[in-house]
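Residue numbers (our numbering): 21 to 179. Don't be surprised by glycine CBs; every beta carbon is placed ideally from N, CA and C.
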């Protein structure tokens, strides 16, 4: 199973904060991630320290439904931007998905793989319009917000 399909399936199981699918610099848009996640039947997810607790049930469900393990890489918030910048610049990306601050999406747009197919009309109806707009950079959706929806102020996936 390709990293792209793996991550799309994970996102469909509930989303990951502003989850973004990464295109390794050498692969170009739409190519497989190079972190080795799919080959080992696991994906690496970069999150803010302490941020994986609410995502663990989603990771457990992913393992149950797909056989794919989710490995969380935790960093303090102030270290996330630097880590993302370093890895994107070097072309040696060690994670498949990043739960990051949506204000950073434009800064990393050239390193992120679009996830337009996840933003169905049904999904868009369930997300506040400002959050849909925030995830759209240069006509492509590069982030999937995991947060309040129209029907619930509680954090949850859009699906």
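Residue i, enclosing beta strand (DSSP E) - first and last residue
i, result
"residue 91", "89-95"
"residue 73", "Looking at the DSSP string, residue 73 is not in any beta strand (DSSP E), and its letter there is neither H nor E."
"residue 118", "117-119"
Cβ neighbours of residue i in the same chain (closer than 7 Å, five flanking residues each side left out)
i, result
"residue 87", "61"
Span of the alpha helix (DSSP H), counted from its first residue to its last, around residue i
i, result
"residue 151", "149-155"
"residue 141", "141-145"
Under 7 Å between C-beta atoms of residue i and residue j
i, j, result
"residue 67", "residue 119", "yes"
"residue 12", "residue 72", "Here the chain covers residues 21 to 179 and nothing more, so residue 12 does not appear."
"residue 116", "residue 158", "no"
"residue 79", "residue 108", "no"
"residue 69", "residue 94", "yes"
Collapsed DSSP secondary structure at residue i in the structure displayed
i, result
"residue 66", "strand"
"residue 45", "Residue placement at residue 45 is poorly supported in this model, since its pLDDT is 24, which falls under 50; the coordinates are not used for a value here."
Same chain, Cβ closer than 6 Å to residue i, neighbours up to 5 away in sequence not counted
i, result
"residue 152", "144"
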